[in-house]
């Protein structure tokens, strides 16, 4: 992959693949271990339904930067996998984690690929609202019959905003077959190797936010809207590329850099001025849009209502409750 870091291609077997003719859209690629086979099949079903070209590989392990239960073999990092996908296919690739589902044609990604962008991913520092909502622990949410949670409340957010830094959620990544993209992949891989026990998203942030080399000036990044990696906590975003379940939450370490560099520099970012869709101290009924305050674990109606669509269940293909 680079001088001093030679790597062979990952040992992997193509389990699901299709190609398209004519003007080719990006090739959708991914890798999965045997215990993720059912989730990978679910992803492939969604790709086949939309007629999207794909190459999804089974691998014996993944690197510890993807799962703390993984291997210390850097061959199975995302960075190395993507490097070899670009080299072997000669085309733009759209990387998807095996546990996502493509709900609708990802038109924006197709346009970005044809426009020649080197990288596209979701950035918490981008211009979009990013407030995350989770089911409230209220007794009213407990249902003996297993009904889905009805009440959601604010959990966390990032109010810093800048185009010059990255805090990524890397389940969906578009990579152009360009020198700039390969330069970033090389640097990302080196960061992963240099920081064992650190998650690959954190290593990507560190790499992007501390650029060294000509790739950064040439790189054309684009920050995808949240609907292109719709985690279940983004209840106001229609899933286009959906992550139905809460992602793996490994207790990774933070980057510790001998030069004192950091993964993120909040002092170099602006403060987001967009108001959240609903006040952060409110609880929302996702069936009706009604808003409440909490008083000693009791819901107190505010008389207000969120009138927009709500997508509280990532399995749903249409908004629930609120027209």
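Residue numbers (our numbering): 527 to 849. Every residue gets a Cβ at the ideal spot worked out from N, C-alpha and C, and that includes glycine.
For residue 708, no beta strand (DSSP E) encloses it; the enclosing alpha helix (DSSP H) starts and ends at 705–720.
Boundaries for residue 578: no beta strand (DSSP E) harbours it, and the DSSP string shows neither H nor E there.
Per the coordinates, the alpha-carbon of residue 689 lies some 14 Å from the alpha-carbon of residue 737. Cβ contact annotation for residue 666 (same chain, cutoff 8 Å, sequence separation greater than five): 676, 677 and 825, in chain order. Annotation: residue 790 to residue 624 spans about 28 Å, alpha carbon to alpha carbon.
Annotation for residue 572: 627, 628 and 629 place their beta carbon closer than 8 Å to its own, counting only its chain and skipping 5 residues before and after. In this structure, residue 655 lies away from residue 552, with their beta-carbon atoms at least 8 Å apart. Closest in alpha carbon position to residue 645, among 747, 814, 713 and 710, is 747. By a beta-carbon distance limit of 8 Å, residue 579 contacts residue 554. Their separation comes to about 7 Å. The three-state secondary structure of residue 819, taken from DSSP, is strand. For the set 729, 765, 760 and 540, the Cα lying nearest the Cα of residue 696 is the one of 729.
Straight-line spacing of the CA atoms in residue 599 and residue 589 works out to 6 Å.
Residue state for residue 789 is assigned as coil, using DSSP reduced to three classes. For residue 692, DSSP records no beta bridge to any residue.
Bridge pairing for residue 550: absent [DSSP].
In this structure, residue 754 places its C-beta atom within 8 Å of the C-beta atom of residue 635.
Rounded to whole angstroms, the gap between the alpha carbons of residue 681 and residue 799 is 19 Å. Following the DSSP letters along the chain, one finds residue 544 inside the beta strand (DSSP E) bounded by residues 539–544. Of the residues 794, 557, 832 and 732, the one whose Cα lies closest to the Cα of residue 809 is 832. Here residue 589 is bridged, per DSSP, to 597. Residue 691 sits away from residue 568, with the two beta carbons spaced by 8 Å or more.
Residue 587 is classed as buried because its beta carbon has at least 16 other beta carbons within 10 Å across all chains shown.
Setting aside the 5 residues that flank it on each side, residue 614 is surrounded in the same chain by 535, each with a C-beta closer than 8 Å to its C-beta; the list follows chain order.
Each residue's CA atom was taken as its position, placing residue 538 and residue 563 some 14 Å apart. Each of 783, 684, 652 and 707 was checked against the Cα of residue 658, and the nearest Cα belongs to 684. Beyond the five residues adjoining it in sequence on each side, residue 733 comes within less than 6 Å, by CB distance, of 713, 714 and 717 in the same chain, given in chain order. A direct Cα-Cα distance of roughly 45 Å separates residue 639 from residue 819. Rounded to the nearest angstrom, the gap between the Cα atoms of residue 637 and residue 652 is 19 Å. Taking the CA atoms as reference points, residue 543 sits about 52 Å from residue 827.
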